[in-house]
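In this note's numbering, the protein residues as written are 29 to 281.
Ideal placement from N, C-alpha and C gives every residue a C-beta, glycine not left out.
Being a predicted model, the structure only gives us computed values, none of them experimental.
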Amino acid sequence: MKTPLRKALQVLNILGFLGTIAVNALANILPIAGNNTGELSDSYPNLFVPAGLTFSIWGLIYLLLGIFAVYQAVGLFKKDQTISGDSQYPSFLDRISWFFLLSCAANIGWIFAWHHKMVGLSLILMLVILASLLIMYLRLGVRYGRTAGRNAETEAASGDARQKTLKMREKVFIHLPMSIYLGWITVATIANITALLVNLGWNGFGLSESFWTVLVMGAGLVIGLLVVFSRRDPAYSAVIVWAYAGILLKRLT
Numbered sequence: 029m030k031t032p033l034r035k036a037l038q039v040l041n042i043l044g045f046l047g048t049i050a051v052n053a054l055a056n057i058l059p060i061a062g063n064n065t066g067e068l069s070d071s072y073p074n075l076f077v078p079a080g081l082t083f084s085i086w087g088l089i090y091l092l093l094g095i096f097a098v099y100q101a102v103g104l105f106k107k108d109q110t111i112s113g114d115s116q117y118p119s120f121l122d123r124i125s126w127f128f129l130l131s132c133a134a135n136i137g138w139i140f141a142w143h144h145k146m147v148g149l150s151l152i153l154m155l156v157i158l159a160s161l162l163i164m165y166l167r168l169g170v171r172y173g174r175t176a177g178r179n180a181e182t183e184a185a186s187g188d189a190r191q192k193t194l195k196m197r198e199k200v201f202i203h204l205p206m207s208i209y210l211g212w213i214t215v216a217t218i219a220n221i222t223a224l225l226v227n228l229g230w231n232g233f234g235l236s237e238s239f240w241t242v243l244v245m246g247a248g249l250v251i252g253l254l255v256v257f258s259r260r261d262p263a264y265s266a267v268i269v270w271a272y273a274g275i276l277l278k279r280l281t
């Protein structure tokens with residue numbers, strides 16, 4: 029990615045984040061279309077909806093995304109924006125590309141669709157968020173623990189402490205926000221699908237709501253386990269556990 033385009037992307041990423049924060053805040057302050065986000069969730073009753081306090085994770089998500097937005101803007105006024113000043117280490121922005129901005133636009137669009145009770149459209153936008161985050165997650169090569177492959181061998185051979193420190197910063201300021209955001213959006217997508225089915229009056233082929241809830245939660249658990257074993261990503265898994273604990277809490281209260 030050429031420097032002028034990268035600088036434009038850095039600015040747009042900041043604006044996209046700020047726009048997302050503003051719209052999500054106004055969604056409940058105004059509120060948009062006279063509806064509160066949480067109250068709308070309760071209007072599509074199903075056993076997959078977690079307790080209200082579970083949604084407090086959005087505070088953590090937006091805090092981490094704010095840190096990401098600031099970190100990705102470092103070097104905005106410098107000419108050389110490669111990771112280490114060496115072209116063999118392309119900037120993480122090249123891997124993120126325009127997908128973070130796309131996720132912000134879809135997040136904003138989701139708020140408007142959800143508040144105007146366009147559940148089908150909200151699901152499409154939720155899938156766009158999910159796809160954007162998944163693409164970034166894979167392109168960034170998010171993985172915790174010991175890094176396998178040629179890169180690890182290269183680092184061990186070179187003993188480049190500066191590069192290792194930089195990779196640690198990326199794990200904290202880039203990988204961690206993406207892991208937690210993706211984990212929550214994975215659960216939110218399942219919840220959005222469930223809300224759409226409730227809105228359409230689907231009878232579950234005559235099977236009980238409890239059966240479908242267990243089935244859906246099982247699917248989410250399988251996804252979480254796949255990420256644990258393939259990516260060694262405890263942050264993603266912790267979000268799944270948090271969401272499921274919220275679902276259990278709501279059933280018990």
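Proximity of the region 143 to 163 to the region 243 to 253 falls short of the contact definition, fewer than three beta-carbon pairs being nearer than 8 Å.
Around the C-beta of T281, fewer than 16 other C-beta atoms lie within 10 Å, and the residue is accordingly described as exposed. In the three-state reduction of the DSSP assignment, T48 falls in the helix class. If you compare the alpha carbons of L104, I218, S236, N227 with that of I251, the shortest gap goes to I218. For the alpha helix (DSSP H) assignment, the uninterrupted runs of no fewer than 4 residues enclosed by the region 211 to 260 are, from N- to C-terminal side, 237 to 259.
With a threshold of 16 other beta carbon atoms within 10 Å, I275 meets it and is buried.
Check the Cα spacing between A97 and each of V226, F76, L228, L43: the tightest is with L43. Taking 7 Å as the cut-off, the beta carbon of P205 is found no closer than this to the beta carbon of L33. If you check the CB distance, K278 and P59 do not come in under 7 Å.
Taking a cut-off of 8 Å on C-beta distances, the region 197 to 216 does not touch the region 48 to 63, as fewer than three cross pairs fall below it. Excluding five sequence positions before and after A141, the CB atoms of its chain that fall closer than 7 Å to its own CB belong to L149, S150, L153, given in chain order.
The C-alpha of V256 is placed about 20 Å away from the C-alpha of K195. Cα atoms of N227 and Y72: separation of roughly 7 Å, rounded to the nearest angstrom. With 16 or more neighbouring CB atoms inside 10 Å of its own CB, S207 falls in the buried class.
For S119, the three-state secondary structure derived from DSSP is coil. Closest in alpha carbon position to L121, among Q38, K145, V170, V269, is Q38. Assignment of A97 by DSSP, reduced to helix, strand and coil, places it in the helix class.
In this structure, W212 places its C-beta atom within 7 Å of the C-beta atom of I85. A263 is classed as buried because its beta carbon has at least 16 other beta carbons within 10 Å across all chains shown. Here K145 carries a coil assignment [DSSP, helix/strand/coil]. For L210, same chain residues with a beta-carbon under 7 Å away, outside a window of 5 residues either side, are L161, L162, Y165, Y264 in chain order.
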